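Residues are numbered in my numbering as their position in the sequence shown, beginning at 1, plus a constant of 243.
Data block below; observations after.
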Amino acid sequence: MSNIISSLGGGSGIDTTNLVSQLTQLERAPKEQRLDTRQEKLEAQISGYGALKSAMSEFQNLMAPLGGEDIFNARSVAFPETNVITPNSLAAGAQAGSYQIEVLEVARAQSLVMGGSSDRNAPLGATGELNIQFGEWGYDTTDPNSPIPDSFTLNDNRPALNITVEATDTLQTLADKINKGDSGVQASVMKVDGQFQLMLSAPSGGGNAMQITASDPSLSAFEFNATNQGALETQQASDAVLKINGLEVRRETNTINDVIDGFDFTLNRASVGETVSFSIDADKGVAQQAIRDFVEGYNSFLQTAKNLTGVTKDEDGNTVRGELAGDGTAKSLINQLRNMIGSEVQGLESGFTALTNLGIRTELDGTLSINEKEFTAAMTDNFDQVGQLFARKASSSNNFVDVGIGARAGGTVAGQYNVEITQDPSKGSIQTDAVAAGLFDTPFDAGAGDNSFRISVNGTRSDLITLTGTYTSAEEMRAELQSLINGDERLKGVNAQVDVAYDEGTGQFSFTSRDYGKTSTVSFSAAGADIGQLGIRDDLVGSQGRDVQGTINGAKGFGAGEVLLPELGSPAYGLNLTVRPGASAQGEFSVNFSQGISGELGGLIDRFMAQGGAIASREENLGKQLDKVSVDREDLDRRMERYEARISSQFLAMERIISGLNGTGNALDGILDRLPFTAQK
């Protein structure tokens, strides 16, 4: 090509190189202009969809607080300045009312000191098992200044802690083992008067004091029980005692969150005769402002949408078309949102079902406005219904069934569902034979024989559990069995626990897993030679638990333990039903679900912006068209190269002809003078 170009103009004297360039540019210009215009339009549309998505996201973020019930259950508390009580937190939905609290006693944790040594890292030389159980001590107060612990009532709700002590263990390694037991006991090594001692602090509360027994005399210095108190009790356990509106209540801890529902506070000191008065009130202002923000946010979104899809005038009066003015998809999305804003919310049985019930109107231009009189009346007189209008809500007509809203609820179809529980959930259990006659007529010394066994709970087998104490009643034995089983390290590792009961009428113990479902089982093995006195045998057969079964709108649900899930992909998918025994006896019942305005709008926007949604599909299509423009540009470049080569060749041919003619002319120049026999004039 360069040889051709260098030859151009050689014969004619015309600047044909520049002429070829100009002709090529003239040929390219209109085609390139069309591609530039197309590219600018596509890039503007892509940018417009970015702005539309951003506006939708901002509006969705404003709606998010209205989608949950917490904002409609906001509370405020008027609490006085005092050092008796410290308020910690106030949850949404806290019980409103006026309260007076008098602190009579604060909770204390039992503390024990034991095992003096001059070297914290010296081996103790002791071996065996330390068994730490929790419960309440009774004291002999003959000498009020020196009460003596003489009776212990086991707290069967708190698992026992078993510590294996080896001869090489030091006070510090023993403390580490206790702390790793995750029982709530805090162990530390302290130096007092030149001696290192192990200090144990139990969880606070009168029912969480420790009883410590050892399997070997070498550990007697660490025992604390009715017969041996090698450890020194430096602080007794006690409950917090307070009066709330005149009613006396007791709690194990000074941090209390279950007396006034939703209000968490800490007792700092006892103050008998001093009353702390305060009130908890509903705070409607939070929800009211959120609704106003919702209206303002929607209007802002609508203005952005109009600018993107409409035709406006700038400050100079010139017509300005939005980036998506001719985009049918964008206009369709905006119209769907506008239609939903003005529609009734599905799944609400009665009451407020649309924004208009709240005094929120749609103006002719599509924006929302608030009728202050109607809005104030609705917030004052029908606040609960306002909350149901905006927030997701699920309810059940069966008192034995609770409806939960799962993470997939965005796709759940609002409405009423007919539900029938065909099989209640159950727990695995096993019942022993009757205990030996008269076993507890006199104190039963379990340590006199081989009263050991293993128990498997939900498929996990325990370590060997051995009874060694003396028991005066079946109730003491029941509590001991439950404490030892739930304190087993293997069972605790998989969170497998049991409840132990005793039937006075039949004289039988029963062991029931705390889990529902077909994986819930209980069985015995490795029964000791004497454990049969308690009715425990290896060949006892228990009953397996059952998963809940039922239908939702006639379709069989999936039962896992006590939870029933709708069929995957069904309209109710996203809800979960927690079922308690007794539900099946209620027959068919209904479950209602509403997305609320926030849920419906948020779900619609999620579908718009989801992968594979309308916006993503449109952006993908625009991207493909933009790629096509790049391909067309490459094609144009190739065509222009061919065009330039063609006309260059044509001009080159012309130059060759002209050059030939010039050469012929030069050859003919003076030819007459050279011809023979030619006379000159």
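Backbone N, C-alpha and C fix where the C-beta goes; we use that ideal spot for every residue, glycine too.
Quantities reported herein were computed from a predicted structural model and do not represent experimental measurements.
Exercise for the section: Taking 8 Å as the cut-off, decide whether the C-beta atoms of T821 and E805 are in contact. Expected result: Between T821 and E805, the C-beta spacing is below 8 Å.
Exercise for the section: Thinking S699 and F754 are a contact (beta carbons under 8 Å), I'd like their distance in whole angstroms, please. Expected result: So it is not a contact: roughly 11 Å between Cβ atoms.
Problem - Of the listed residues E275, V519 and T456, nearest to V346 (C-alpha basis) - result: For the set E275, V519 and T456, the Cα lying nearest the Cα of V346 is the one of V519.
Exercise for the section: Over the uninterrupted alpha helix (DSSP H) stretch that includes R899, give me the two end residues. Expected result: A857 to L911
Practice task
Could you please give the first and the last residue of the uninterrupted alpha helix (DSSP H) stretch that includes T260?
Solution key: T259 to M306
Exercise for the section: Check whether the Cβ atoms of I577 and T605 lie closer than 8 Å to each other. Expected result: no
Practice task
Please specify which runs of the alpha helix (DSSP H), each continuous and at least 4 residues long, are wholly inside the segment 718–793, giving them in chain order.
Solution key: 732–736
Problem - Cβ neighbours of N261 in the same chain (closer than 7 Å, five flanking residues each side left out) - result: Result list for N261: empty, nothing under 7 Å.
Handout entry: Residues that K423 bridges to, as DSSP identifies them
Key = None, per the DSSP bridge assignment.
Handout entry: Beta-carbon gap between L818 and G647 smaller than 8 Å
Key = yes
Problem - Secondary structure of D624, DSSP reduced to three states - result: helix
Problem - Spatial distance of I248 from L269 (CA atoms) - result: Caution applies to I248, whose pLDDT of 44 falls short of 50 and renders its modelled position unreliable; the value that the coordinates give is listed next. Near 18 Å, if we compare the C-alpha coordinates of L269 and I248.
Problem - Three-pair Cβ contact test at 8 Å for the segment 294–301 versus the segment 496–505 - result: no
Exercise for the section: Identify whether F687 lies in helix, strand or coil by the three-state DSSP scheme. Expected result: Here F687 sits in strand by DSSP.
Practice task
Within 10 angstroms of the Cβ of Q532, are there 16 or more other Cβ atoms? Answer buried if so, exposed if not.
Solution key: exposed
Handout entry: Backbone secondary structure at N316 - three-state DSSP
Key = helix
Handout entry: A530 in three-state terms, based on DSSP
Key = In the structure shown, A530 sits in a helix (DSSP, three-state: H, G or I).
Exercise for the section: Could you check the C-alpha separation between R351 and Q429 for me, to the nearest Å? Expected result: About 14 Å.
Problem - Bridge partners - M453, DSSP secondary structure assignment - result: M453 is bridged to F377.
Exercise for the section: Enumerate in chain order the residues of its own chain whose CB-to-CB distance from L724 is below 6 Å, with the five nearest sequence positions on each side excluded. Expected result: For L724, same chain residues with a beta-carbon under 6 Å away, outside a window of 5 residues either side, are V743 in chain order.
Handout entry: S768 versus D706: straight-line alpha-carbon distance, rounded
Key = In this structure, the CA atom of S768 is about 11 Å from the CA atom of D706.
Practice task
To the nearest angstrom, report how far apart A321 and E312 are at their CA atoms.
Solution key: 23 Å
Exercise for the section: Check whether the Cβ of S699 lies closer than 8 Å to any Cβ atom in chain B. Expected result: Reference to chain B is not applicable here, since this structure consists of a single protein chain.
Practice task
Could you work out which residue in T610, E732, A772 and N738 is closest to G690 when comparing CA atoms only?
Solution key: A772
Practice task
For G565, I'd like the list of residues in its chain whose CB is within less than 6 Å of its CB, leaving aside the five on either flank, ordered along the chain.
Solution key: N550, L551, T552 and G553.
Practice task
Measure how close the beta-carbons of Q353 and Q454 come, nearest whole angstrom, since I'm counting them as under 8 Å.
Solution key: Incorrect: roughly 10 Å between the Cβ atoms, too far for contact.
Problem - Whether Y714 touches P668 by CB criterion (8 Å) - result: In this structure, Y714 sits away from P668, with a CB-CB distance that is not shorter than 8 Å.
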